[in-house]
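Colleague: Numbering follows numbering that gives the first Met the number 0, in which position 80 of the sequence shown is assigned residue number 79; successive positions increment by one, without gaps.
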Amino acid sequence: MSRQATLDLIAAYYDAFNRGDTAAMEALLADDFEHHVNEGDIRRGKAAFAEFNRHMTDSYAERLTDMVVMASEDGARAAAEFVVNGEYLKTDPGLPEANGQRYVLPAGAFFAVRDGRIARVTTYYNLSDWTRQVSQG
């Protein structure tokens, strides 16, 4: 896959995210997709990611801004840096109580791409910063 095709793939993934179109996001994934996050277990497979998306849609309203996407020359790897602009809608177990608090959180992700599909997303954000923001709100 070319570098440009990978950049377009990642842009489509995040465009779908910002539209709230989780089905479109999931359609861009490899069948053996893995979702790695800095806090939590690895989710393996599209079904696990779809379940995660349902939970996130219930608990959070988020829009990503200030997006910068980079890709390797061969298109096999990519990275994105962005700002999460969110609202905490429903209490997530083990986290502070939700009451519509807003937050702005820098974040990033790394991607593995295979056969025109996203094979892995590794997402990073500062949970302490998020917790501080929603605890003050």
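Yeah, the Cβ is synthetic: ideal placement off N, Cα and C, and Gly gets one too. Because the structure is a prediction, the values reported are computed rather than measured.
By the three-class DSSP mapping on this structure, what secondary structure does A75 have?
Modeller: Coil.
Colleague: Could you pull out every residue in the same chain whose Cβ sits closer than 7 Å to the Cβ of R113, ignoring the five residues on either side in sequence?
Modeller: Cβ neighbours of R113 beyond the five flanking positions: A29.
Colleague: Are the stretch 51 to 66 and the stretch 7 to 22 in contact at 8 Å, needing three or more beta carbon pairs?
Modeller: Output reads yes: the stretch 7 to 22 touches the stretch 51 to 66.
Colleague: At a cut of 8 Å, does the stretch 41 to 49 reach the stretch 77 to 88 through at least three beta carbon pairs?
Modeller: Touching, no.
Colleague: M69 and Y13 - do their beta-carbons sit closer together than 8 Å?
Modeller: No.
Colleague: Identify whether T130 lies in helix, strand or coil by the three-state DSSP scheme.
Modeller: Three-state result, T130: helix.
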